[in-house]
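So the sequences go chain by chain: V and W. Everything in the first sequence is counted per the working numbering, starting at 1339 for the first residue and increasing by one. Everything in the second sequence is counted per the working numbering, starting at 144 for the first residue and increasing by one. Notes follow once the structure below has been shown.
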Amino acid sequence: MSETATPYTAGKSSGRESAEALRARIPGWGVDLDPADRPSFPREQPGIETGAHWDFPERQPENWPREKSIEHAMLPPVFGTSTPPAGVSGAIRKYAYKYSEGRAAHWLLLIAADRVDAWENHLKSFASFRPDNPVTQTGVLSEFSRGGIRSRAGKRRVDTNHQWLDPIMIGGPWVLAGLGAAAVVRALARRR
Amino acid sequence: MVYRGPYKVRVEEKDIPKIEHPNDAIVRVSTGAICGSDLHLYHGMMPDTRVGMTFGHEFVGRVHEVGPSVQNLAVGDRVMVPFNVYCGSCYFCSRGLYSNCHNVNPNATAVGGIYGYSHTCGGYDGGQAQFVRVPFADVGPSKIPDWMDEEDAVLLTDALPTGYFGAQLGDIMEGDTVVVFGAGPVGLFAAKSSWLMGAGRVIVVDHLEYRLEKARTFAHAETYNFGEYDDIVVHLKKATDYLGADVVIDAVGAEADGNFLQHVTGTKLKLQGGSPVALNWAIDSVRKGGTVSVVGAYGPIFSAVKFGDAVNKGLTLRMNQCPVKRQWPRLFEHIRNGYLKPSDIVTHRVPLEHIAEGYHMFSAKLDNCIKPLIVAGVS
C-alpha cells in the first residue's frame, strides 16, 4: 500500500505481480488478453453462422390455445409443451397473461398461481395411488446421509440464520392443513 | 424428475417426448447436472413454474430420434446441448445473441428459451430425465468431440461458458483487479477465466469455507469469507488500497446471503425478484468508472438494487444469459491446451432415482457439495 491511498493520486499502487510471474504461476494466463480472442467480443456479430437453414422456422402445431405474452406480435413458431394450464391455477395463469411483462400484476399473479397449483396437485395426489410425501420429496433424509450437522456445525455459515425458516415454510402448511382436516372430521362427527 | 411444489421433487414415469417440429431431436440423456439456478425453481422463486415440469438445462446424451428436417445429427450421435433453446435465425440469434432468441418463448419476450426452466423461459421440459425434446437440432446441439470427457462436456452446456462469459462481460484489461462474488461453479469458472483475460489479481468472496478453498486451489484466487467481516465492502476497499476493484462479477444471483431482510423478502416471501445483496455489494465495491458483470440469475420482478450508486459512480453494468455455443470453439481450445479442466469442480454423482436427495444436498450445501451431476438410469 502506498502512503497516500490510490484514489487520491493519479497512479495505481504498485506491488503487483508482473505478467511474467503470472504467466509462470497461472496456466493460460493472458491467452485471451486480446479482446479479438474473446468469443463474445463484440457483443453483436451480424451474419454469424448458426446452422439455421431457414429464414423463418416452420411452425409447430398449436395443440391448445398457447398462453403468450401480449408483448409478442404473434405466437412464436416453436414453444414448450410441458404442463398445459389446468384447474384454478390455470385460470389464474391465463388471466395473468392479459397483463404485459412490464406490469407487476403479471408476475405476482403467476407466483400466486404457482402456490395454488402446488396445493391443487397435493390434494389431487391424495386421491391417487401415489400421494405426495413431503419427507421423500424434499430429500430431507440426506440431512442424515450427507452430514447435515457436520456440514453446518462450527462452519460459521451465514445461511444458517435463515435455514430454520425452511421447515416452517415447507412443513407449516401441511401441519395447518392436517389440523384443519382433523377439525372438519371432528365437526362432522359431532353433527352425527 | 418432476417438480411437485416448492422444495419438492420426485421421480415419475412420463411418456418419451415426441417430435413436435421438423427440426426437433429427441435425446436420451446420459449425464445431467443440477445448476445453482435450478435452486431458484426448486425454491418456488421463478414465476410460472408448474407442478409436473421436468427441470434440467445441463445435459448430454445420445440422439434417439430426429425430425425430418434435421441435417446435422443422426440417431446414435453423442451430443452436448447448450442450455439455450434458440432458432438461429431471428433478429437476435442472427447477431449471436442466442440467449435472447425471439422465436422460442411465447410466455415472455424478455428472456429466450431455456430447457426445464419454467414457462417464463418457454415451458420446455428439461434434461433431468431419461429423454428430452431438443428443438432446432441443427442449431443448438453439437457432437461431443471424441477426445472430450463426458463430464467436461456436461459442464460446457452452462456452468463453464457462463463463467467464461461473465469474465468477458467485465472487459478485463491487463493487470485489472477482479472480484468475483460467489464461489459456486459459475464463480469458480469466472475467476479462472479472468486470469485467461489477463487479470492481475483475482479475489473470490463467499461464506462457505470449503468453496473458498476450491477457489484457492482450482482458480488460484485470493479469497475472503464475508461472514468474517463486519462489512465486506469496506474490507474490499481496504484490500484494493481504497480504490475498489476494476471489475466485479456477480456470480451469485437471486439467493444471495449476507443480509437477512433482503434474503427473506427475496427468497422466502418472494417479494423481490431475488435477494440483490451480491449485486449491491458489487456496485459498492467496484471502483468509480469500473464494470459490474452480472451472470447470477434473477427473477423477473423488481429487486431493491442500489441503482443510484451505480449512476453516481459511472459504472458500466453488463449482463446477459450466456450464448453458450458462441463460447465453445475457444473453450474447446482451452481444454485441449490444459488451461481448463471443468470436471475438476464435480463433487457428487447422484443417480436420477435419488434426485430429491441431490436437490436437498445442493440446496442446503451439505457434504461440501459444489457441483452435483445426475447420472440417468443408474441406481
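Ideal Cβ positions, reconstructed from N, Cα and C, are used throughout, including at glycine. Being a predicted model, the structure only gives us computed values, none of them experimental.
Contacts that residue i makes with chain V (C-beta to C-beta distance below 9 Å)
| i | result |
| --- | --- |
| W:R153 | R1468, D1470, N1471, T1474 and Q1475 |
| W:Q214 | G1389 and H1391 |
| W:K411 | H1500, L1503, D1504 and M1507 |
| W:C230 | T1388, A1390, W1392, F1394, P1395, P1414, P1415 and V1416 |
Identified DSSP bridge partners for residue i
| i | result |
| --- | --- |
| V:P1380 | According to DSSP, which records beta bridges pairwise, V:P1380 is partnered with nothing at all. |
| W:H491 | W:P515 |
| W:M223 | W:V203 and W:S285 |
| W:F274 | W:R171 |
| W:A310 | Beta-bridge pairing links W:A310 to no other residue. |
| W:Y267 | W:Y258 |
| W:V429 | W:A388 |
| W:D349 | W:N368 |
| W:F324 | W:V348 and W:D393 |
| W:V228 | W:G256 |
| W:V145 | W:R153 |
DSSP-derived helix/strand/coil call for residue i
| i | result |
| --- | --- |
| W:L460 | strand |
| W:S522 | Because the pLDDT of W:S522 is 39, which lies under 50, any placement of that residue in the model is unreliable, and the question is left without a value. |
| W:N248 | coil |
| W:R153 | strand |
| V:A1454 | One detail in the question is off: residue 1454 of chain V reads as Val in this sequence, not Ala. In the structure shown, V:V1454 sits in a helix (DSSP, three-state: H, G or I). |
| W:I375 | helix |
| W:D389 | strand |
| V:A1429 | helix |
| V:V1496 | coil |
| W:T418 | Residue identity differs from the one stated: residue 418 of chain W is Ser in this sequence, not Thr. W:S418: strand per DSSP, three-state reduction. |
| W:T366 | strand |
| W:V437 | strand |
| V:R1363 | helix |
| W:V407 | helix |
| V:E1396 | coil |
| V:V1369 | coil |
| W:Y241 | helix |
| V:A1357 | helix |
| V:V1473 | helix |
| W:A176 | strand |
| V:E1481 | helix |
Residue i classed as buried or exposed, judged by whether at least 16 other C-beta atoms fall within 10 angstroms
| i | result |
| --- | --- |
| V:T1421 | buried |
| W:F343 | In the sequence as presented, Phe is not what sits at residue 343 of chain W; that position holds Gly. It is buried - the Cβ of W:G343 has at least 16 other Cβ atoms within 10 Å. |
| W:G538 | An answer regarding residue 538 of chain W cannot be provided, because it is not within the stretch 144 to 522 covered by chain W. |
| V:W1541 | For chain V, the structure presents residues 1339 to 1530; residue 1541 of chain V sits outside this window and is missing. |
| W:Q415 | buried |
| V:F1482 | exposed |
| W:S232 | buried |
| W:S522 | Reliability of the predicted coordinates at W:S522 is poor, the pLDDT of 39 falling under 50, and the value obtained from them is presented with this limitation in mind. It is exposed - the Cβ of W:S522 has fewer than 16 other Cβ atoms within 10 Å. |
| V:E1405 | buried |
| W:L422 | buried |
| V:S1279 | In the structure as shown, chain V starts at 1339 and stops at 1530, and residue 1279 of chain V therefore has no counterpart that could be examined. |
| W:V213 | buried |
| V:R1431 | buried |
| W:P515 | buried |
| V:S1480 | buried |
| V:Y1346 | exposed |
Contact list for residue i against chain W, beta-carbon separation under 7 Å
| i | result |
| --- | --- |
| V:P1365 | G481 and Y482 |
| V:T1344 | D384, Y385 and L386 |
| V:E1355 | G343 |
Cross-chain neighbours of residue i in chain V, by beta carbon under 7 Å
| i | result |
| --- | --- |
| W:F308 | S1378 |
| W:A251 | S1407 and E1439 |
| W:E352 | K1493 |
| W:T192 | D1452 |
| W:I375 | Near W:I375 there are no residues of chain V at all, since even the closest Cβ is about 11 Å away, more than 7 Å. |
| W:N246 | P1395, P1414, P1415 and V1416 |
| W:Q560 | No answer is possible for residue 560 of chain W: it lies beyond the span of chain W, which begins at 144 and ends at 522. |
| W:I444 | A1442 and W1445 |
Chain V contact residues for residue i, given Cβ-Cβ distances below 8 Å
| i | result |
| --- | --- |
| W:R359 | Those within 8 Å of W:R359 in chain V number zero; the least Cβ separation is about 13 Å. |
| W:G370 | R1494, R1495 and V1496 |
Residue i: contacting residues in chain W (beta-carbon distance under 8 Å)
| i | result |
| --- | --- |
| V:G1486 | A507 and L509 |
| V:V1478 | H503 |
| V:G1516 | Within 8 Å Cβ-Cβ: nothing; V:G1516 doesn't reach chain W, min ~16 Å. |
heavy atom of the ligand MG below 8 Å from residue i C-beta
| i | result |
| --- | --- |
| V:I1508 | Although the ligand MG was asked about, the structure shown includes no ligands whatsoever. |
Any chain B beta carbon closer than 9 Å to residue i
| i | result |
| --- | --- |
| V:Y1435 | The displayed structure is made up of protein chains V and W, and chain B is not among them. |
Chain W residues whose Cβ lies nearer than 9 Å to that of residue i
| i | result |
| --- | --- |
| V:P1384 | S237, R238 and G239 |
Flag this pair as touching only if the region 1357 to 1371 of chain V and the region 181 to 199 of chain W have three or more C-beta atom pairs under 8 Å; answer yes or no.
no
Spell out a yes or no on whether the region 423 to 430 of chain W and the region 446 to 462 of chain W are touching, meaning 3 or more CB-CB pairs, one atom from each, closer than 8 Å.
yes
Cβ contact check for the region 298 to 317 of chain W and the region 325 to 332 of chain W: 3 or more pairs under 8 Å:
yes
If we count Cβ pairs, one from each stretch, closer than 8 Å, do we get three or more for the region 165 to 180 of chain W versus the region 210 to 230 of chain W?
yes
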